[in-house]
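Peer 1: As they're listed, the protein sequences go chains G and S. Letter by letter, the first sequence follows residues 11 to 145 of the working numbering. Letter by letter, the second sequence follows residues 163 to 302 of the working numbering. Cβ atoms here follow ideal geometry from the backbone N, Cα and C, with glycine treated the same way.
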Amino acid sequence: MGTLQYMRLDEQAEAQGSIVAEPLLGTWLNTNTATRGIPKTVLAAKKHGIVLRVFAAGSQQMVDWGETAASIFAADALATEAMAFSAFYDFGFMETQLQGHVRQGVLIIAKFDRFKDDSGRSNYFSKEFFYRTEA
Amino acid sequence: MESVKCVKAEDQVEISDMTWNGNALRLESLPGIWLNTDSGTRGIAKVVTVVNGSELTVRAFGAGNPDLIDWGEVEADYIYANSLSSREAAGFTARYRFDFAEVHLQANWNQGLLVLASFTSFKDGSNRSNYFSRDFFHRN
């Protein structure tokens, strides 16, 4: 094995296999049932990779954002179980970078929203918490 | 009263509710030298944030042996407030592109701590897993 390049000490070892997505897959519901952000997300394995589907709070019903590709991440360079993801939506007038990680069974999603429509709204960061459901 | 476009209820505001001054955020609270609260970390040990006008420069240092590894400076991609109507900067995203890996940093300040999430993707064909880490930093 050749020498591995690294930028921090914990990157000097290799994993014994590829990352398994199952710990992230399923339907996740917001712990705050009155959220005005994201009440529900679904992570699924498709032929072309892992996809995220977000359902956002709407005035009458949830707003289906559709599916977007999600990159998955393990806890360290050696680990083979997914515990985090990153995904991106671009709606034209705004875009959002979503980063989620699971901690003690709770999926924590950080949202980085950026507005491109000159509405005067500040780009902003927020965080929501989700639990996995069978639904 | 005119409403703005949104894809989730929390982004809904009336335009007249906004105090228009563009999207400029106040950056005064961001500059500093930030040290990992875990002094024995093998990950990112130190972060330096510098404000130049309306831009934020980030410089990360990884744990090394014997010295820290200087990742160099990158400009933050974007700076974020902690709410739609706030003008106070409270987070940023930035990206490092090394030959063998790419690291996407997503950070926010919370109660005096810099909370830094990093997403590392390897590009060198090694068997290392792409990985996520989250660290906490206090001001030096």
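#1: Could you please give me the residues that DSSP links to S/Lys208 through a beta bridge?
#2: With H, G and I counted as helix, E and B as strand and the rest as coil, what does DSSP make of G/Asp31?
#3: Which full runs of the beta strand (DSSP E) of 3+ residues lie inside the segment 222-257 of chain S, going along the chain?
#4: Just list the residues that DSSP pairs G/Ile48 with in beta bridges.
#5: If contacts are defined as beta-carbon pairs under 8 Å, then S/Leu267 and S/Val175 qualify, I think. What distance do you get, rounded to the angstrom?
#6: Output needed in chain order: residues of the segment 284-295 of chain S with a Cβ under 9 Å from some Cβ in chain G.
#7: Please state whether the Cβ-Cβ distance between G/Val115 and G/Thr51 is less than 9 Å.
#8: Under 9 Å between the Cβ atoms of S/Thr203 and S/Thr211?
#9: List the residues of chain S whose Cβ lies closer than 7 Å to the Cβ of G/Phe103, in chain order.
#10: With 9 Å set as the bound, which would you pick, yes or no: does the beta-carbon of G/Asn133 sit closer than that to a beta-carbon of chain S?
#11: Does the beta carbon of G/Gly115 come closer than 9 Å to any beta carbon on chain S?
#12: Taking S/Val169 and G/Trp75 to be in contact with their CB atoms under 8 Å, please state how far apart those CB atoms are, rounded to whole angstroms.
#13: Between the Cα of G/Lys57 and those of G/Phe140, G/Ala44, G/Asp86 and G/Ala79, spot the shortest distance and give me the residue it belongs to.
#14: Measuring only between beta-carbons, confirm whether G/Arg142 sits less than 9 Å from chain S.
#15: Quick check on S/Ala171: does DSSP put it in helix, strand or coil?
#16: Just checking: is the beta-carbon of G/Ile29 within a distance shorter than 9 Å of some beta-carbon in chain A?
#17: Find the residues of chain G that neighbour S/Arg301, judging by a C-beta separation of less than 9 Å, and give them in chain order.
#18: On the DSSP letters alone, give me the boundaries of the beta strand (DSSP E) that G/Lys121 sits inside.
#19: Which of helix, strand or coil does DSSP assign to G/Asp100?
#20: Measure the alpha-carbon distance for G/Pro33 versus G/Glu91 and round it to whole angstroms.
#21: Under 9 Å, do S/Ala256 and G/Arg18 count as touching if we go by C-beta distance?
#22: On the criterion of 16 or more Cβ atoms from any shown chain inside 10 Å, does G/Glu138 qualify as buried, or is it exposed?
#23: Give every residue of the same chain whose Cβ lies closer than 6 Å to the Cβ of G/Arg1, excluding the five residues on either side of it in the sequence, and list them in chain order.
#24: So, does the CB of S/Ile195 fall closer than 9 Å to a CB anywhere in chain G?
Peer 2: Walking through what the data contain:
#1: Per DSSP, S/Leu197 and S/Phe223.
#2: Note that residue 31 of chain G is Ala in the sequence shown, not Asp. Reduced to three states, the DSSP call for G/Ala31 is coil.
#3: Correct list: 231-237 and 240-243.
#4: In the DSSP output, where bridge partners are listed per residue, G/Ile48 has none listed.
#5: Between S/Val175 and S/Leu267 the Cβ distance is about 29 Å, and since that is not below 8 Å, they are no contact.
#6: Of all residues in the segment 284-295 of chain S, only Phe284, Asp286, Ser288, Asn289, Arg290, Ser291, Asn292, Tyr293, Phe294 and Ser295 place a beta-carbon less than 9 Å from a beta-carbon of chain G.
#7: The identity of residue 115 of chain G in the sequence shown is Gly, whereas the question assumes Val. For G/Gly115 and G/Thr51, no; Cβs fall outside 9 Å.
#8: Contact flag unset, no.
#9: For the C-beta of G/Phe103, the chain S residues within less than 7 Å are, from N- to C-terminus, Lys167.
#10: The Cβ of G/Asn133 sits closer than 9 Å to at least one Cβ of chain S.
#11: Output row for G/Gly115: interface = no.
#12: Contact between S/Val169 and G/Trp75 holds, with the beta-carbon distance rounding to 6 Å and staying under 8 Å.
#13: Residue G/Ala79 holds the alpha-carbon nearest to the alpha-carbon of G/Lys57 among G/Phe140, G/Ala44, G/Asp86 and G/Ala79.
#14: Interface residue (Cβ-Cβ distance to chain S less than 9 Å): G/Arg142 is not classified as such.
#15: In the structure shown, S/Ala171 sits in a helix (DSSP, three-state: H, G or I).
#16: Of the protein chains in the structure, G and S, none is chain A.
#17: Below the 9 Å Cβ cutoff, chain G contributes no neighbours of S/Arg301, its closest Cβ being approximately 19 Å away.
#18: Annotation for G/Lys121: the continuous beta strand (DSSP E) segment containing it runs Val116 to Phe125.
#19: The three-state secondary structure of G/Asp100, taken from DSSP, is strand.
#20: When rounded, the distance between both Cα atoms is 7 Å.
#21: No, the pair does not count as a contact, with Cβ atoms beyond the cut-off.
#22: Per the 10 Å Cβ criterion, buried.
#23: As displayed, chain G neither begins before 11 nor continues past 145, which places residue 1 of chain G out of reach and without an answer.
#24: Judged by the 9 Å Cβ criterion, S/Ile195 is not in contact with chain G.
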